[in-house]
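Q:
Residue numbers (the numbering used here): 1 to 175.
Below you can see the structure in the form of C-alpha cells.
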C-alpha cells in the first residue's frame, strides 16, 4: 500500500509543480512579447525555475519509488529533498504573489492551502515508508532467519545428545 501511495503522491505533486512552472512560463511569454515589460517577463521566467525544479525532483522521487531495492535505499533522502523544494516553491509563489499580483491575498491563500496539502502528503508518505522500510524489513528478515537457524541447531544438538547418550537402567542418560 505504501508504494501505491508514494507513486500517487509523486505523480500528483509532479503534475502540480509542472503546471505551475508552465503557467509562469506562459505569463513570462505574454509579458515579454506583448510589450508589458521585459523586467516583469524575466522575473516570471526566473520564478518558473523553482516549480520546474520541484516537478523534476518529484519525477525523480517517482522513479526512485519504482526502482529496485538498491535504489530504494535512497528513498528517504529523495523524499525529503523533493518535499523541501516543494515547500520552497510554494514560499516563492507566496512572495512573488505578494510583490507582483493585485490579488495577493488570494495567491497567498491558495499557496498556503497547497502547502498544507503538501505537508499532509509528506507525513503520509513518511509514515508509510517507515512502516515498510526496506532496510528494516531486510534486517528483520535476517534476524528471523538467524533465530530460526539457531533454534534448528539447538534442536538438532539436543536430538544428537539424546540419541548418542545410551540409556541406563537407573534412568540416567537419554530417555
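A virtual CB, placed ideally from N, CA and C, is assigned to each residue, including glycine. Keep in mind that this is a model prediction, so the values were computed, not measured.
1) Evaluate residue 166 with the Cβ neighbour count: other Cβ atoms within 10 Å of its Cβ, from every protein chain shown; 16 or more gives buried, anything less gives exposed.
2) Among 26, 3 and 107, whose alpha-carbon lies nearest the alpha-carbon of residue 43?
3) Just verifying my parser: in three-state terms, what is the DSSP assignment at residue 8?
4) Is the separation between the beta-carbon of residue 177 and that of residue 125 shorter than 8 angstroms?
5) Could you give the distance in angstroms between the alpha-carbon of residue 13 and the alpha-carbon of residue 118?
6) Less than 6 angstroms between C-beta atoms, sequence neighbours within five positions excluded: which residues of the same chain meet that for residue 75?
7) Taking just the CA atoms, how far does residue 115 sit from residue 105?
8) Can you list, in chain order, the residues of its chain whose CB lies under 8 angstroms from that of residue 59, leaving out five sequence neighbours each side?
9) Hey, could you find the ends of the alpha helix (DSSP H) residue 93 is sitting in?
10) Assuming the contact rule is C-beta atoms closer than 8 angstroms, residue 149 and residue 88 should be a hit. Round their C-beta distance to whole Å, please.
11) State the Cα-Cα distance for the pair residue 147 and residue 61, rounded to the nearest angstrom.
12) Taking residue 121 as the reference, give the member of 162, 82 and 67 with the closest Cα.
A: Put simply:
1) exposed
2) 26
3) When secondary structure is reduced to three states using DSSP, residue 8 falls in the helix class.
4) Past the boundaries of the shown model lies residue 177; the chain is included only from 1 to 175, so the question cannot be answered.
5) Distance between the alpha carbons of residue 13 and residue 118 is about 8 angstroms.
6) 64
7) 15 angstroms
8) 10 and 14
9) 75 to 100
10) Their Cβ separation, rounded to whole angstroms, is 49 angstroms, which puts residue 149 and residue 88 out of contact at 8 angstroms.
11) 35 angstroms
12) 82
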